[in-house]
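So the sequence shown is numbered by the numbering used here: it starts at 10 and just counts up by one.
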Amino acid sequence: MLKFPLMQNSKYIIRPMIGEDIPQVAEIDREAFPGEWMLRSLSSYQRELDNPLARYLAACTTKEMLAKLNQPTVPQLRFFRGLFHSNSILTRENRPLEYIVGFASLWLMANDAHVTSIAVRSEYRGMGIGEALLISGIELAIGLNADVVTLEVRASNQVAQILYRKYGFHVVGKRLRYYSDNGEDALLMNTDSVTSASFQSCFQRLKKDHVQRHKEISSQLV
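Here is the structure:
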């Protein structure tokens, strides 16, 4: 099975999330899902990390990329000053050793792997990181012997739906008024069997293409 190559010039690495990542993941969660985030506490992330049925992935900067971020240009400096303002979960006293730019979470349900979240910081979107998290999530599901990968997506989120359809998801139902912030419907999307020859052939081709286009993203998943 093709893995993301761990290249020396990698800027971003996808790895299992750890407890120290929680404050940054919460920041990303709050930015991406502001209405839903209000229902969560920091301790809920730790409970999910400790849950054997849940899996979290983090996309973070490499040491080399972090060194560059620690010597910011003026626009970057403004961004970091905003990141560490007094209302932020992150403070000057607990600045991270790694900078988390995105995360994904999955729940294992019988033979299904359910993707509960994929989110990337706004300034890092459009760089292939969200797609890399989706690829890694599917690979993780396969490694955990899931047969089908499922998820919900807002009915209005056309960008995400295009990405999911690209990777073999198709709409199988609708959850009415699923999102609590505005009562929007959710589309329920499933893959076919991720172990089938047809899915694997398409998935490996798409993953190889992504690796070629985004050599700056590597994976430490095992």
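C-beta atoms are modelled at their ideal positions from N, C-alpha and C, and glycine is treated no differently.
Assigned exposure category for residue i - 16 Cβ within 10 Å defines buried
i: L1; result: With the chain running from 10 to 231 in the structure shown, residue 1 is simply not present.
i: D38; result: buried
i: I109; result: buried
i: H94; result: Confidence at H94 is low in this model, with a pLDDT of 37, below 50, so the placement of that residue is unreliable and no value is reported for it.
i: V9; result: Only positions 10 to 231 of the chain appear in the structure, and residue 9 is not among them; the question remains open.
i: T159; result: buried
i: L149; result: buried
i: S6; result: Not covered by the structure: residue 6. The range shown for the chain is 10 to 231.
i: K217; result: exposed
i: K111; result: The sequence shown places Gly at residue 111, not Lys. Flag for G111 reads buried.
i: V203; result: buried
i: S52; result: exposed
i: S210; result: exposed
i: K20; result: buried
Option in the options with minimal Cα separation from residue i
i: A169; options: D190, A195 and N191; result: A195
i: S145; options: F212, T70, F42 and V180; result: F212
i: H219; options: I138, F42 and A113; result: I138
i: N166; options: Y188, L149 and Y133; result: Y188
i: I147; options: P43, N199 and E225; result: N199
i: E107; options: R134, T204, M26 and V180; result: M26
i: E260; options: E36, L197 and S227; result: The chain is shown only over 10 to 231; residue 260 falls outside these bounds and no answer can be derived.
i: F208; options: E225, Y133, L197 and H179; result: H179
i: H223; options: P43, G135 and E36; result: G135
i: D190; options: P43, S202, E36 and Y65; result: P43
i: A35; options: Y54, L215 and S210; result: Y54
i: L197; options: Q229, L215, A164 and I171; result: A164
i: D201; options: V181, L215 and R214; result: V181
i: Y133; options: C69, M118 and I171; result: C69
Residues bridged to residue i (per DSSP)
i: G192; result: DSSP, once it has assigned bridges, lists no residue as partnering G192.
i: N199; result: T159 and H179
i: G111; result: A68 and V129
i: H223; result: Answer is none; H223 lacks a bridge partner.
i: I144; result: DSSP lists no partner for I144.
i: V124; result: L115 and L160
i: Y21; result: T70 and I226
i: R174; result: Answer is none; R174 lacks a bridge partner.
i: A63; result: W116
i: R49; result: R49 is not bridged to any residue.
i: R184; result: A195
Pair within 8 angstroms by beta-carbon distance, residue i and residue j
i: V162; j: Y173; result: yes
i: A128; j: A41; result: yes
i: A63; j: W116; result: yes
i: S114; j: S126; result: yes
i: T71; j: I22; result: yes
i: G192; j: R184; result: no
The segment 20-36 in contact with the segment 56-74 per 3-pair CB rule at 8 angstroms | The segment 20-36 is in contact with the segment 56-74.
Is the segment 119-127 in contact with the segment 141-155, if contact means three or more CB pairs nearer than 8 angstroms?
-> Cβ pair count under 8 angstroms is three or more, so yes.
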